[in-house]
Amino acid sequence: MVQPLPTRLQETPSQTAGPYVHIGLIPHQAGFDIFETNFTNVLSQPDTKGERIRIEGRVFDGAGVPVRDVLVEIWQANAAGRYNHPADRQEGKPLDESFRGWGRTGSNFETGVWHFETIKPGPVEGRKGHRPMAPHINLWIAARGINIGLQTRLYFADEAEANADDPVLNLVERGQQRDSLLAKREERDGQIIYVFDIYLQGPNETVFFDV
Amino acid sequence: MTTTDREFLQRDRSIHPPAFTPDYKTSVLRSPRRAMLSLQSSLSEVTGPTFGHSELGPLDNDLILNYAREGEPIGERIFVHGHVRDENGRGVPNTLVEFWQANAGGRYRHRNDRYLAPIDPNFGGCGRTITDENGFYYFRTIKPGPYPWRNFLNSWRPAHIHFSVFGTGFSQRLITQMYFEGDPLIWRDPMVLGIPDRSAAERLIAPLDLGAAVPLDMLAYKFDIVLRGRQQTMFENKLQGN
Numbered sequence: 001m002v003q004p005l006p007t008r009l010q011e012t013p014s015q016t017a018g019p020y021v022h023i024g025l026i027p028h029q030a031g032f033d034i035f036e037t038n039f040t041n042v043l044s045q046p047d048t049k050g051e052r053i054r055i056e057g058r059v060f061d062g063a064g065v066p067v068r069d070v071l072v073e074i075w076q077a078n079a080a081g082r083y084n085h086p087a088d089r090q091e092g093k094p095l096d097e098s099f100r101g102w103g104r105t106g107s108n109f110e111t112g113v114w115h116f117e118t119i120k121p122g123p124v125e126g127r128k129g130h131r132p133m134a135p136h137i138n139l140w141i142a143a144r145g146i147n148i149g150l151q152t153r154l155y156f157a158d159e160a161e162a163n164a165d166d167p168v169l170n171l172v173e174r175g176q177q178r179d180s181l182l183a184k185r186e187e188r189d190g191q192i193i194y195v196f197d198i199y200l201q202g203p204n205e206t207v208f209f210d211v
Numbered sequence: 001m002t003t004t005d006r007e008f009l010q011r012d013r014s015i016h017p018p019a020f021t022p023d024y025k026t027s028v029l030r031s032p033r034r035a036m037l038s039l040q041s042s043l044s045e046v047t048g049p050t051f052g053h054s055e056l057g058p059l060d061n062d063l064i065l066n067y068a069r070e071g072e073p074i075g076e077r078i079f080v081h082g083h084v085r086d087e088n089g090r091g092v093p094n095t096l097v098e099f100w101q102a103n104a105g106g107r108y109r110h111r112n113d114r115y116l117a118p119i120d121p122n123f124g125g126c127g128r129t130i131t132d133e134n135g136f137y138y139f140r141t142i143k144p145g146p147y148p149w150r151n152f153l154n155s156w157r158p159a160h161i162h163f164s165v166f167g168t169g170f171s172q173r174l175i176t177q178m179y180f181e182g183d184p185l186i187w188r189d190p191m192v193l194g195i196p197d198r199s200a201a202e203r204l205i206a207p208l209d210l211g212a213a214v215p216l217d218m219l220a221y222k223f224d225i226v227l228r229g230r231q232q233t234m235f236e237n238k239l240q241g242n
């Protein structure tokens, strides 16, 4: 016999967010207003430092059809590469009080397009002993038919040099879709847009992380 | 100094529904087929958004009053309460908990819900709160009704309340559903049955809690939520005490 380990609790099982996730998380999109302040897809405030960008995309199912009831949340560092969270104690990187670094949105019910107005994040230090991570945005998606929220990362295709050194991108083996994590830069009416489409299933399947 | 910078324990996927659960038909085309890439925690995973009390309104956790127009909603008045803890048993303080549900007749206030049961003019169906210093949360609401859905010809969801929880790191992000003790629809539901481990699924069923009921006013249900835990000690470079 051995000594027993202290009992750990088990995580609460996930369940799908369902088709009406908007009621709880984006009530205006469900068709009504109830809260005085709402969480939105606009992360950048007027005094936020950094390059203004729009990120947008669609989520496709295994038949290539856009998922029109998806919830997307993002979490990212500020322009200096620092997260607005007490565990981020990187030296020499200022906190930007006007930037929470988190936002949520729902895809359009007709087109399936989702988007965020934000700033391009700076590089964040890697795990101990690893190189810095290339600028990236963490995404979490939930929807009807998705039993447990899916995590992925958006990297910027025009950061080729930093991407080549990124410790996470370098974990993606050949045959997996490294390019599925790269958002492509466009300019539309003077606005910088990064397009990031997500494929849930099939030959172009996006890399999802068990984090 | 703090435990919020420690790496997360590997998620035990055996207690979660897998992505592909064909009896829940929508999962068939919305489930990834390749293996996920396991990632050790960096700052991107151990950090996550924080929320303040000033962002919430005084009635945000009272679904009986937060959409009341000309009276109170119809239905079974209930009090729902519980703790948010991590796998190590620690309460998760100051974290955002959001919830949404159908009304007493099983109708959602959502532009895409066309079920023939009527909307309740005094019921919105959503709320939110922030846990206290021990991880405790509570809200008042109306018990939701079961709801038919197009899966099999005669599929009915058990009465349920959807929950969304954050924790202290983005890797703890969780959406789930709470069910009610004794509901005969629970073990006929493909979402519940998608959880491979029956004892794990049972942890989504909130027991009736008469001790927390308010006499002559409302019944109560207790629903505790467990988020992923972090490693107890740091293996890399530095050791930290609690």
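Chains as they are written, first to last, in the numbering used here: chain A, 1 to 211; chain B, 1 to 242. Don't be surprised by glycine CBs; every beta carbon is placed ideally from N, CA and C. This structure is a prediction, so every number in the text was calculated from the model and none was measured.
Checklist entry - Opposite A:D210 in the DSSP bridges: which residues? => result Answer by DSSP bridge pairing, in chain order: B:S38.
Next on the checklist: Based on DSSP bridge pairs, tell me the residues matched to A:I53.
Outcome noted: Bridge partners of A:I53 according to DSSP: A:T118.
Checklist entry - Do we get a CB-CB distance below 8 Å when we pair A:R156 with the residues of chain B? => result What sits at residue 156 of chain A in the sequence shown is Phe, not Arg. Answer no: the Cβ-Cβ gap between A:F156 and chain B never drops below 8 Å.
Checklist entry - Closer than 9 Å, Cβ to any Cβ of chain A: which residues of the segment 5-22 of chain B, in chain order? => result The segment 5-22 of chain B vs chain A, Cβ under 9 Å: D5, R6, E7, F8, L9, Q10, R11, D12, R13, I15, H16, P17, P18, A19, F20 and T21.
Next on the checklist: Which residues of the segment 97-111 of chain B have a Cβ closer than 7 Å to any Cβ of chain A? Give them in chain order.
Outcome noted: So the list reads E98, F99, W100, Y108, R109, H110 and R111, given in the order they occur along the chain.
Checklist entry - Can you give the Cα-Cα distance for A:R131 and A:L181, rounded to whole angstroms? => result Each residue's alpha carbon lies about 19 Å from the other.
Item to check | Backbone CA spacing between B:R13 and B:L227 [nearest angstrom] | outcome: Looking at the backbone, the Cα of B:R13 and that of B:L227 are separated by about 13 Å.
Next on the checklist: Rounded to whole angstroms, what is the Cα-Cα separation between A:E205 and A:R178?
Outcome noted: One alpha carbon belongs to A:E205, the other to A:R178, and they sit about 10 Å apart.
Checklist entry - If you drop the 5 nearest sequence neighbours on each side, which residues of the same chain put their C-beta closer than 6 Å to that of B:T21? => result Answer for B:T21: S27 and G194, listed in chain order.
Next on the checklist: Would you say B:P253 lies against chain A (beta-carbon separation less than 8 Å)?
Outcome noted: Residue 253 of chain B falls outside the range modelled here, since chain B spans only 1 to 242, and no answer is possible.
Item to check | Assumed close pair B:P58, B:I142 - CB separation to whole angstroms, cut-off 8 Å | outcome: At roughly 19 Å, the Cβ-Cβ gap does not stay under 8 Å, so B:P58 and B:I142 are not in contact.
Checklist entry - What is the DSSP secondary structure of B:N88, reduced to helix, strand or coil? => result DSSP places B:N88 in coil when its eight states are reduced to three.
Checklist entry - Would you call the segment 70-86 of chain A and the segment 122-138 of chain A touching, i.e. three or more CB-CB distances under 8 Å? => result With the rule of 3 Cβ pairs closer than 8 Å, the segment 70-86 of chain A counts as touching the segment 122-138 of chain A.
Item to check | Chain-ordered chain B contacts of A:A63 [CB-CB under 7 Å] | outcome: Near A:A63 (Cβ distances below 7 Å), the residues of chain B are L29.
Item to check | Amino acids of chain B, ordered along the chain, whose beta-carbon sits closer than 7 Å to that of A:F32 | outcome: Those within 7 Å of A:F32 in chain B are R109 and G124.
Checklist entry - Using a C-beta cutoff of 8 Å, does B:F170 count as contacting chain A? => result So, interface residue.
Item to check | Beta-carbon gap between B:G75 and B:K222 smaller than 8 Å | outcome: With contacts defined by Cβ atoms closer than 8 Å, B:G75 and B:K222 do not form a contacting pair.
Checklist entry - What residue from A:Y83, A:W102 and A:I148 has the CA that sits closest to A:P123's CA? => result Nearest neighbour of A:P123 by Cα position, chosen from A:Y83, A:W102 and A:I148, turns out to be A:Y83.
Checklist entry - Looking at C-alpha atoms only, which residue of A:R104, A:W102, A:E125 and A:E110 is the closest neighbour of A:K93? => result Ranking the options by Cα distance to A:K93, first place goes to A:E125.
Item to check | Test item: CB-CB of A:F60 and A:T152 under 8 Å | outcome: The answer is no: Cβ separation not under 8 Å.
Checklist entry - Going along chain B, which residues have a C-beta under 7 Å from A:D88? => result Within chain B, the residues near A:D88 are L43 and T47.
Checklist entry - For A:K184, which of helix, strand or coil comes out of DSSP? => result A:K184 sits in a strand when the DSSP states are folded into three classes.
Checklist entry - What separation, rounded to the nearest whole angstrom, lies between the Cα atoms of B:L29 and A:P66? => result Near 11 Å, if we compare the C-alpha coordinates of A:P66 and B:L29.
Checklist entry - Closer than 8 Å, CB to CB, is A:N41 near chain B or not? => result Chain B, which has no Cβ nearer than 8 Å to the Cβ of A:N41, makes this no.
Item to check | Any chain A beta carbon closer than 8 Å to B:I225 | outcome: Chain A contact via Cβ: present.
Checklist entry - To the nearest whole angstrom, what separates the beta carbons of B:G125 and B:A102, a pair I think is in contact under 8 Å? => result Rounded, the Cβ-Cβ distance is 7 Å, consistent with contact.
Item to check | Own chain residues within Cβ distance below 7 Å of A:G62, not counting five before or after | outcome: Once the five neighbours on either side are set aside, the close Cβ partners of A:G62 are L200, Q201 and G202.
Checklist entry - Got a sec, what are the start and stop residues for the alpha helix (DSSP H) A:L25 sits in? => result Unbroken alpha helix (DSSP H) run through A:L25: V21 to L25.
Checklist entry - Comparing the C-beta of B:I175 with each C-beta of chain A, is any distance below 8 Å? => result B:I175 counts as touching chain A.
Item to check | A:N38 and A:T105 closer than 8 Å at C-beta | outcome: Between A:N38 and A:T105, the CB-CB gap reaches or exceeds 8 Å.
Checklist entry - Should the segment 111-122 of chain B be called in touch with the segment 156-176 of chain B, which here means at least 3 C-beta pairs below 8 Å? => result Per the Cβ contact rule, the segment 111-122 of chain B is not in contact with the segment 156-176 of chain B (fewer than 3 Cβ pairs under 8 Å).
Next on the checklist: Are the CB atoms of A:D210 and B:S41 within a distance shorter than 8 Å?
Outcome noted: Contact: no.
Next on the checklist: So the candidates are A:F116, A:Q10, A:D47 and A:R58; which of them puts its Cα closest to the Cα of B:E87?
Outcome noted: Of the candidates A:F116, A:Q10, A:D47 and A:R58, the one whose C-alpha sits nearest the C-alpha of B:E87 is A:Q10.
Checklist entry - Which whole-angstrom value describes the C-beta separation of B:T131 and B:V92, a residue pair presumed to lie in contact below a C-beta threshold of 8 Å? => result The beta carbons of B:T131 and B:V92 sit about 6 Å from each other, so the pair counts as a contact at 8 Å.
Checklist entry - In angstroms, rounded to a whole number, what distance separates the CA positions of A:E97 and B:F123? => result Going by C-alpha positions, A:E97 is about 36 Å away from B:F123.
Next on the checklist: Please state the DSSP three-state secondary structure of B:G211.
Outcome noted: In the three-state reduction of the DSSP assignment, B:G211 falls in the helix class.
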